[in-house]
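Residues -23 to -1, 1 to 400, numbered by mature numbering (1 follows the signal peptide of the UniProt record, and there is no 0), are exactly what the sequence shown covers, in order. Inspection log for the structure reproduced underneath, given as structure tokens.
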Amino acid sequence: MKKVMLKTTLSLAVTLASTQIFASGFAINEQSISGMGTGFAGRSSSADDASTIFGNPAGMSRLKREQVSGGAAFLDAHTDISHASSSPNRGSNDGDMVPFIAVPMGYYVKPIDDHWAFGIGMYAPFGLVTDYESGFAGRYFGSKSEVKIVTLQPTVSYAFNDKVSIGFGPTINRIDGTLESNLSITQAAPDGNVKIKGDDTALGYNIGILAQVTDSTRVGLTYHSKVKYKLDGNTKVNYNVLGLIGQNPSQKYDASLDLTTPESVDFSLTHQLDDKWTIYAGSTWTRWSRLKEITVENKGVPAVLNGQFGTITEEQNWHDTWAHAIGASYQLNKEWVLRTGLSFDQAPTNNVDRSPRIPTGDRKIFSLGAGWSPTNDLTIDVAYSYLREESVKVNNSNDRGQTYDAKYQNWANGFGVGATYRF
């Protein structure tokens, strides 16, 4: 029984990973539509619009007019599941696990004087939604998950001169999570259900530096801090087997889960070749090795079951990752700019601990985008990205004799639309 609960309860943290997200682990890249067009190459050095609040808060010093930027990215993910086997040997493997979702964002920047600027942004740095079909063969190791993190970031920047600026913004982060999994006491027993809900609000910060090293070259460095959460909520178990605990098949326990989202460092370069062409390059390091293990504390568990449900720990053993991107933009005329980019992103998971909730591998992403400025005050940005992952294997088992083995091949399409208005 211990591993049955362990594989479901602890997944509240690790299930943030999903093929719908265009970054490693459970990070979301989509905080800027203009940046999406170049594959997020140059994210900490471009400072093209108010979305620099996330990319590099020091970039606000380059925005000489008050402006507001906003938009949404729409993500459509797909999975092929093959070579699947399970015990008990029943269930489907459709792979239709990620619904079509939208990731919104919004930013405001106001220059105060030649040195200071103020801004505020709201975006989603992490999250997922996965929902397998009801008869999924791997349902004992994960059936449905929804986790959202929304961040509010008030920000200031200071320009020492026309070459170097810095920026800083505290982040107020709200996490909400809901997880469901099937549960069967024996292979012959009818399915029960495990549902976990939790939430928390925690603080972090982003800090950056931007330097114009030559007339045509700009470099940026951004640090996104770790954020420590303590999710409080409940674990509700419906065993669907009368007599297991008294005569009540449903049990509800107070639950808490410590989760730390990792820090990351982004370095990028923006180089203007001429009046038409600009090239971008960047790398991001993320400290996913923080996710070594996850521990859930359940309170109110009867003494007879405390050893099974009181404190449960699961090894994850994620590793640090690097992401690299190159991109370019072409100023077609005064109204139109065209963009493209190519990204390479490592997955933090390993072949031993991978589950149906985190069936991801290393990925490549190709992006296209455009910006249209019908007036000097308004720019409308659109972007498209295609992601494809390496195929990976899932091998899961528990002490109830339930197993699930399969090969996953994931790919996704991303669409973005946004606008910037300058006052």
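All C-beta atoms, glycine included, are put in the ideal place defined by N, C-alpha and C.
- Per DSSP, Phe31 is one residue of the alpha helix (DSSP H) stretching across 29 to 32.
- The beta carbon of Ser59 is closer than 6 angstroms to those of Lys384 in its chain, skipping five residues each way along the sequence.
- Ile335 carries a coil assignment under DSSP once its states are collapsed to helix, strand and coil.
- For Met37, no alpha helix (DSSP H) encloses it, and the DSSP letter there is neither H nor E.
- For Ile10, the enclosing alpha helix (DSSP H) starts and ends at 10 to 14.
- Here the C-alpha atom of Asn138 lies approximately 46 angstroms from the C-alpha atom of Glu367.
- As the crow flies, the alpha-carbon of Gly277 is around 15 angstroms from that of Leu234.
- DSSP places Arg264 outside both helix and strand once states are collapsed to three, so it counts as coil.
- In the three-state reduction of the DSSP assignment, Tyr135 falls in the strand class.
- Put simply, of Leu105, Met74, Ser241 the residue whose alpha carbon is nearest the alpha carbon of Phe31 is Ser241.
- Closest by C-alpha distance to Leu355, out of Met82, Val45, Ala50, Ala232, is Val45.
- Between the stretch 116 to 123 and the stretch 90 to 100, the count of Cβ pairs shorter than 8 angstroms is below three; the stretches do not touch.
- Cα atoms of Asn375 and Phe103: separation of roughly 29 angstroms, rounded to the nearest angstrom.
- A Cβ-Cβ separation of about 20 angstroms leaves Thr199 out of contact with Ser344 under the 8 angstroms criterion.
- Taking the Cβ atoms as the reference, Gln293 lies roughly 6 angstroms from Asp330, within the contact range of under 8 angstroms.
- In this structure, DSSP gives Tyr84 an extended state, which the three-state scheme calls strand.
- By the Cβ-count criterion, Arg67 is exposed, with fewer than 16 other Cβ atoms from all chains shown falling within 10 Å of its own Cβ.
- Glu123 has Val106, Thr155 as its beta-bridge partners, per DSSP.
- Nearest Cα to Asn327 within the set Ile303, Val371, Ala302: Val371.
- Separation of Asp168 and Ser63 (C-alpha to C-alpha, rounded to the nearest whole angstrom) is 15 angstroms.
- Residues Ala18, Leu246, Ile303 of the same chain have their beta carbon placed closer than 6 angstroms to that of Ala258, with the five preceding and five following residues left out of the count.
- Boundaries of the beta strand (DSSP E) around His201: 194 to 201.
- Per DSSP, the beta bridge partners of Ile58 are Tyr385.
- For the pair of segments examined, the stretch 126 to 142 was found to touch the stretch 36 to 45: the number of CB pairs separated by less than 8 angstroms reaches three.
- Inclusion of Gly346 and Gly14 in the CB contact set at 8 angstroms is warranted, their separation being smaller than that value.
- Contact between Ile152 and Ile126 holds: CB atoms are separated by about 5 angstroms, below the 8 angstroms threshold.
- Pairwise C-beta distances place the stretch 173 to 193 out of contact with the stretch 78 to 94, as fewer than three of them are shorter than 8 angstroms.
- Annotation for Asp176: Arg151, Ile152, Asp153, Gly154, Leu208, Asp209, Gly210 place their beta carbon closer than 8 angstroms to its own, counting only its chain and skipping 5 residues before and after.
- Collapsing the DSSP output to three states places Phe118 in a helix.
- For the pair Glu7 and Val124, the CB atoms are not nearer than the 8 angstroms cut-off.
- The three-state secondary structure of Glu274, taken from DSSP, is strand.
- For Arg340, same chain residues with a beta-carbon under 6 angstroms away, outside a window of 5 residues either side, are Asp322, Leu364, Glu366 in chain order.
- Annotation: Gly144 to Ala188 spans about 12 angstroms, alpha carbon to alpha carbon.
- In this structure, DSSP gives Arg20 a state outside helix and strand, which the three-state scheme calls coil.
- Counting every other CB atom within 10 Å of its CB across the protein chains shown gives Gly318 a total of 16 or more, marking it as buried.
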